[in-house]
Amino acid sequence: MATYKILITDNIAPQGIELLEKVPQFDVEVAVSLSPEELKKKVKDAHALIIRSATKVTSDVIEGAKKLKVIGRAGIGLDNVDVRAATKKGIVVMNAPEGNMVTTAEHTIAMLMALARNIPQATASLKSKKWEKKKFQGRELYRKILGIIGLGRIGSIVADRANGLKMKVIAYDPFVRPEMAEKIGVELVSLEELYQRADFITIHTPLTPETKYLINKKAFAQMKDGVMIVNCARGGIVKEKDLYEAIQKGKVAGAALDVFEKEPPQDNPLLDLDRVICTPHLGASTQEAQTNVAVAIAEQVTDYLINGVVRNAVNVPIISEELLSVLGPYLTLAEKIGAFHAQVVKAPIKEVEIEYIGDVAKTDTRPIKIAGLKGLLTPILGEQVNFVNADFLATERGIQVKESKREIPSDFTNVIIVNVHTESGEKKSITGTIFGKKQPRIVRLDGFALEAVPEGHMLLIQNVDRPGVIGNIGTILGRHQINIGRMHVGQDEITGQTLILLSTNIPVPKPVLEEIKELPHVISAISLEL
Ligand SMILES: NC(=O)c1ccc[n+]([C@@H]2O[C@H](COP(=O)([O-])OP(=O)(O)OC[C@H]3O[C@@H](n4cnc5c(N)ncnc54)[C@H](O)[C@@H]3O)[C@@H](O)[C@H]2O)c1
Ligand SMILES: O=C(O)[C@H](O)COP(=O)(O)O
1 MATYKILITD NIAPQGIELL EKVPQFDVEV AVSLSPEELK KKVKDAHALI
51 IRSATKVTSD VIEGAKKLKV IGRAGIGLDN VDVRAATKKG IVVMNAPEGN
101 MVTTAEHTIA MLMALARNIP QATASLKSKK WEKKKFQGRE LYRKILGIIG
151 LGRIGSIVAD RANGLKMKVI AYDPFVRPEM AEKIGVELVS LEELYQRADF
201 ITIHTPLTPE TKYLINKKAF AQMKDGVMIV NCARGGIVKE KDLYEAIQKG
251 KVAGAALDVF EKEPPQDNPL LDLDRVICTP HLGASTQEAQ TNVAVAIAEQ
301 VTDYLINGVV RNAVNVPIIS EELLSVLGPY LTLAEKIGAF HAQVVKAPIK
351 EVEIEYIGDV AKTDTRPIKI AGLKGLLTPI LGEQVNFVNA DFLATERGIQ
401 VKESKREIPS DFTNVIIVNV HTESGEKKSI TGTIFGKKQP RIVRLDGFAL
451 EAVPEGHMLL IQNVDRPGVI GNIGTILGRH QINIGRMHVG QDEITGQTLI
501 LLSTNIPVPK PVLEEIKELP HVISAISLEL
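Just so we're aligned: the sequence shown equals residues 1 to 530 in the UniProt record's numbering.
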């Protein structure tokens with residue numbers, strides 16, 4: 001029984017740890033607050049790393065994690081993980097995106113109300129024995145305009161709760177359809193319009209190169225005087241230096257911050273301002289949310305390591321079980337075609353064209369493309385290639401991939417054609433289909449029509465069509481105790497050549513291959529592993 005080491009380096013709820021400890025194949029270690037050096041050491045023999053936002057999973061950490069198969073985030077944000085470096089190494093990166101969304105939306109509403117009514121400042125004042133009623137007069141939220149930037153999972157819940165408070169909710173999210181926004185009582189507007197109309201602005205986007213410093217000096221200049229800002233998303237979306245200036249000038253009346261450019265913040269001048277209220281990244285910190293995300297990530301990591309099922313991965317295309325039941329045979333077919341190509345071409349591959357014909361063209365074909373690339377690269381790069389990094393490795397090697405689709409079938413109901421172009425100008429074309437519901441077949445190889453099962457040890461021979469060639473090949477194989485399982489023969493009527501594809505019980509050794517190549521009328525012989 002394989003044993004997997006599960007390393008947990010941030011504080012996750014005990015319910016998640018208990019679930020992992022119950023899996024007989026798992027050896028669970030919890031080690032929090034590690035220095036980067038300690039983390040590198042511990043992760044060396046780990047198969048899974050489970051984190052929250054404190055552990056920094058840098059490319060350095062990933063480089064040394066030779067056995068790591070999965071990084072699981074008990075929560076949403078993955079800006080503390082170098083996902084690109086993980087992808088390159090074939091490591092699945094997954095999060096638990098749903099468990100803390102309500103809690104974070106509630107924290108946002110709490111921050112909004114605390115900001116509008118000066119609750120933290122008034123608490124501090126009263127605790128210092130003062131009674132400053134006038135100083136802490138607040139603002140009503142009723143009928144005020146709340147501008148939401150990022151109407152995703154959390155933004156939508158904030159909108160719902162704000163509607164309950166009878167606020168007017170407007171939002172900017174270029175990836176959301178107006179009908180969807182309308183359904184949840186939100187008016188979708190441009191960013192400029194949001195800035196011009198909103199009394200309160202709350203941010204709920206991820207931190208990306210596009211959203212980094214989205215809320216900056218220029219943005220503040222477009223906002224209403226006396227606007228209030230809430231950020232419970234990520235530090236760095238609001239430019240802190242510009243926010244400080246905007247508050248000092250009175251343009252912004254106040255800000256509620258749960259997240260910071262640097263966490264924990266060090267010498268951050270914003271923390272000295274009365275108009276700023278803050279929490280130490282508490283958005284997801286309720287018992288309910290922490291149990292949800294810890295249990296979710298424990299289940300997902302278990303499912304992946306034990307059953308190979310990937311859920312909520314950010315670097316693998318998601319295939320629902322329903323889609324997998326349709327696509328499964330095509331994934332196998334594409335992988336076999338890729339492996340076939342890699343073993344017959346004579347120069348580095350520079351371009352791959354994949355054409356999907358028939359009903360298969362109507363499906364999400366991304367997983368088929370990745371399976372094809374995995375097949376193509378595995379004979380070249382070995383076991384390191386998997387569904388996570390195949391696309392990445394192809395790009396890294398400068399292989400261009402082009403895809404096209406035709407929904408009207410030709411000879412077969414569903415067909416995948418994979419053409420490969422090499423640096424030396426060679427072009428090879430393989431066409432595959434599925435017989436019945438599950439049987440992959442290669443039905444054309446360049447000009448040769450075939451009906452071959454691409455599986456196991458195979459021998460590919462091209463020869464001039466003359467009597468006796470097949471007999472001679474059979475004699476040589478027999479002499480070396482090699483059994484032929486299946487034989488497929490295709491003919492090219494234009495060149496008069498024949499293609500023979502044999503499946504054998506063992507790989508054909510090199511000396512036997514050389515003997516076959518010496519036979520009269522044999523042009524080439526290649527041993528394949530499919
Ligand atoms: N403070 C916390 O403890 C805490 C807890 C959970 C999540 N978060 C953070 O909250 C944020 C939102 O999380 P979510 O689960 O709702 O994410 P989500 O992916 O469901 O939603 C994000 C939305 O932002 C939109 N978006 C992306 N780029 C945009 C842009 N340039 N302008 C406008 N909209 C854009 C997307 O279309 C999407 O609808 C993330 O940054 C996450 O890390 C913080
Ligand atoms: O992205 C998240 O899920 C939140 O920011 C929560 O982060 P935390 O797990 O470190 O509290």
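All C-beta atoms in this analysis are idealised placements derived from N, C-alpha and C, irrespective of residue type, glycine included.
Requested in this report: Answer with buried or exposed for L271, where buried requires no fewer than 16 other C-beta atoms within 10 angstroms of its C-beta.
Outcome: If you number the sequence shown from 1, residue 271 lands on position 271. It counts as exposed.
Query - Reference L519; option with closest CA among H480, N472, Q491, P511 - result: Counted from its first residue, the sequence shown places residue 519 at position 519. Of the listed residues, the one whose Cα sits closest to L519 is N472.
Requested in this report: With a 10 Å radius around its C-beta and 16 neighbouring C-beta atoms as the bar for buried, classify S524 as buried or exposed.
Outcome: Here residue 524 is taken as the residue at index 524 of the sequence shown, counted from 1. Within a 10 Å sphere around the beta-carbon of S524 sit fewer than 16 other beta-carbons, which makes this residue exposed.
Query raised in the report: Could you give the distance in angstroms between the alpha-carbon of D492 and the alpha-carbon of E451?
Result: As a position in the sequence shown, residue 492 is number 492, starting the count at 1. As a position in the sequence shown, residue 451 is number 451, starting the count at 1. The straight-line gap from Cα to Cα measures roughly 14 Å.
Query raised in the report: Can T205 and G150 be called in contact, C-beta distance under 9 Å?
Result: Counted from its first residue, the sequence shown places residue 205 at position 205. Counted from its first residue, the sequence shown places residue 150 at position 150. In this structure, T205 places its C-beta atom within 9 Å of the C-beta atom of G150.
Report task. Measure the alpha-carbon distance for T286 versus D359 and round it to whole angstroms. Result -> As a working note, residue 286 is residue 286 in the sequence shown. As a working note, residue 359 is residue 359 in the sequence shown. Distance between the alpha carbons of T286 and D359: 47 Å.
**Report entry** Straight-line gap, I408 to I442 (C-alpha atoms, nearest Å)
**Finding:** For the purposes of this step, residue 408 is taken as the residue at position 408 of the sequence shown. For the purposes of this step, residue 442 is taken as the residue at position 442 of the sequence shown. Cα-Cα distance, rounded: 20 Å.
Query raised in the report: If I484 and L502 are in contact, beta carbons under 8 Å, what's the gap, nearest whole angstrom?
Result: Counted from its first residue, the sequence shown places residue 484 at position 484. Counted from its first residue, the sequence shown places residue 502 at position 502. Indeed, because the Cβ distance is near 5 Å, the residues count as touching under 8 Å.
Query raised in the report: What residues in its chain sit with their C-beta under 6 Å from that of I203, if we drop five residues either side in the sequence?
Result: Translated into positions along the sequence shown, residue 203 becomes position 203. Taken in chain order, the residues that qualify are I149, N231, A233, I237.
Report task. Measure from the alpha carbon of K437 to the alpha carbon of each residue in V326, G447, I12, then state which is nearest. Result -> Counted from its first residue, the sequence shown places residue 437 at position 437. The candidate whose alpha carbon is nearest that of K437 is V326.
**Report entry** Contact belief for N100 with I62 at Cβ below 8 Å, rounded distance in angstroms
**Finding:** Numbered from its first residue, the sequence shown carries residue 100 at position 100. Numbered from its first residue, the sequence shown carries residue 62 at position 62. About 25 Å separates the Cβ atoms of N100 and I62, ruling out a contact at the 8 Å cut-off.
Query raised in the report: Which residue from Q137, G447, T431, K241 puts its Cα closest to that of P454?
Result: On the sequence shown, position 454 is the one that residue 454 refers to. Between P454 and the set Q137, G447, T431, K241, the nearest pair of CA atoms involves T431.
Query - Short Cβ contact (9 Å threshold) for I17 with V30 - result: Within the sequence shown, numbered from 1, the residue matching residue 17 stands at position 17. Within the sequence shown, numbered from 1, the residue matching residue 30 stands at position 30. At a Cβ-Cβ threshold of 9 Å, I17 and V30 count as neighbours.
Query raised in the report: Alpha carbon to alpha carbon, how far is P97 from H421?
Result: Counted from its first residue, the sequence shown places residue 97 at position 97. Counted from its first residue, the sequence shown places residue 421 at position 421. In this structure, the straight-line span from the alpha carbon of P97 to that of H421 is close to 41 Å.
**Report entry** Neighbourhood of F412 by C-beta, 6 Å cutoff - its chain only, sequence neighbours within 5 removed
**Finding:** Numbered from its first residue, the sequence shown carries residue 412 at position 412. Excluding residues up to 5 positions away in sequence, T433 lie with their Cβ nearer than 6 Å to the Cβ of F412 in the same chain.
Requested in this report: Out of A181, K369, T208, state which residue places its alpha-carbon closest to the alpha-carbon of V352.
Outcome: For this step, residue 352 is matched to residue 352 along the sequence shown. Comparing alpha carbon positions, the residue from A181, K369, T208 closest to V352 is K369.
Requested in this report: Report all residues from its chain with a CB closer than 6 Å to the CB of T55; omit the five preceding and five following residues, and keep chain order.
Outcome: For the purposes of this step, residue 55 is taken as residue 55 along the sequence shown, with counting starting at 1. The answer, listed in chain order, is T9, D10.
Query raised in the report: Does ligand 1 have even one heavy atom less than 8 Å from the beta-carbon of I154?
Result: For the purposes of this step, residue 154 is taken as the residue at position 154 of the sequence shown. Answer for I154: yes, Cβ within range of ligand 1.
Query raised in the report: Can you round the beta-carbon distance between L373 and A390 to whole angstroms, since I take them to be within the 8 Å contact cut?
Result: If you number the sequence shown from 1, residue 373 lands on position 373. If you number the sequence shown from 1, residue 390 lands on position 390. Going by Cβ atoms, the distance from L373 to A390 rounds to 4 Å, so yes, they are a contact pair.
Query raised in the report: How do the segment 207-226 and the segment 156-167 stand: do at least 3 beta-carbon pairs fall below 8 Å, yes or no?
Result: No: the two stretches stay apart, fewer than three of their Cβ pairs being nearer than 8 Å.
**Report entry** Short Cβ contact (9 Å threshold) for L49 with L7
**Finding:** Along the sequence shown, one-based indexing puts residue 49 at 49. Along the sequence shown, one-based indexing puts residue 7 at 7. Their beta carbons are under 9 Å apart, which means L49 touches L7 by this criterion.
Query raised in the report: For K428, which beta-bridge partners are listed by DSSP?
Result: Stepping through the sequence shown from its first residue, residue 428 is reached at position 428. Bridge partners of K428: V420.
Query raised in the report: For the segment 150-161 against the segment 131-142, are there 3 or more C-beta pairs whose distance is under 8 Å?
Result: Inter-segment contact for the segment 150-161 and the segment 131-142 is absent: fewer than three beta-carbon pairs are separated by less than 8 Å.
Query raised in the report: Taking the DSSP output, what are the residues bridged to S35?
Result: If you number the sequence shown from 1, residue 35 lands on position 35. Answer is none; S35 lacks a bridge partner.
Query raised in the report: Taking the continuous beta strand (DSSP E) assigned at Q25, which residues delimit it?
Result: Along the sequence shown, read from residue 1 onward, the residue named residue 25 stands at position 25. Looking at the DSSP string, Q25 is not in any beta strand (DSSP E), and its letter there is neither H nor E.
Requested in this report: Just mark T103 as buried or exposed, buried being the case when its beta carbon has 16 or more other beta carbons within 10 Å.
Outcome: Position 103 of the sequence shown, counted from the first residue, corresponds to residue 103. Only buried fits T103, as 16 or more other CB atoms lie within 10 angstroms of its CB.
Query raised in the report: Quick one: does the C-beta of M94 sit closer than 8 Å to a heavy atom of ligand 1?
Result: Position 94 of the sequence shown holds residue 94. No, the Cβ of M94 stays beyond 8 Å of every heavy atom of ligand 1.
Report task. Determine the direct distance from the alpha carbon of A294 to that of A13, and round the result to whole angstroms. Result -> By 1-based counting over the sequence shown, the position of residue 13 is 13. By 1-based counting over the sequence shown, the position of residue 294 is 294. Taking the straight line from one Cα to the other gives about 6 Å.
**Report entry** Collapsed DSSP secondary structure at G185 in the structure displayed
**Finding:** Locating residue 185 in the sequence shown gives position 185, counting from the first residue. The DSSP-derived three-state label of G185 is coil.
Query raised in the report: Distance, Cα to Cα, residue 540 vs N505?
Result: Nothing about residue 540 can be reported from this structure: the residues present for the chain run from 1 to 530 only.
Query raised in the report: Hey, how far is the Cα of A2 from the Cα of V385?
Result: On the sequence shown, residue 2 is found 2 positions in, with the first residue counted as 1. On the sequence shown, residue 385 is found 385 positions in, with the first residue counted as 1. Distance between the alpha carbons of A2 and V385 is about 21 Å.
Requested in this report: Express the C-alpha separation of E132 and E38 in angstroms, rounding to a whole number.
Outcome: Working through the sequence shown from its first residue, we reach residue 38 at position 38. Working through the sequence shown from its first residue, we reach residue 132 at position 132. Whole-angstrom Cα-Cα distance: 50 Å.
Query raised in the report: Can the beta-carbon of K251 be found less than 9 Å from the beta-carbon of V276?
Result: Mapped onto the sequence shown, residue 251 falls at position 251. Mapped onto the sequence shown, residue 276 falls at position 276. Cβ distance not < 9 Å, so K251 and V276 don't count as in contact.
Report task. Could you tell me the distance, in whole angstroms, from the CA atom of V186 to the CA atom of E299? Result -> For this step, residue 186 is matched to residue 186 along the sequence shown. For this step, residue 299 is matched to residue 299 along the sequence shown. Straight through space, the alpha carbons of E299 and V186 are spaced by roughly 35 Å.
Query - CB of K88 within 9 Å of CB of E396, strictly - result: Locating residue 88 in the sequence shown gives position 88, where the first residue counts as 1. Locating residue 396 in the sequence shown gives position 396, where the first residue counts as 1. Taking 9 Å as the Cβ cut-off, K88 and E396 qualify as a contacting pair.
Report task. Counting only the same chain and skipping the five closest in sequence on each side, list residues whose C-beta sits under 7 Å from that of Q15. Result -> Against the sequence shown, residue 15 aligns to sequence position 15. Residues T291, A294, V295 of the same chain have their beta carbon placed closer than 7 Å to that of Q15, with the five preceding and five following residues left out of the count.
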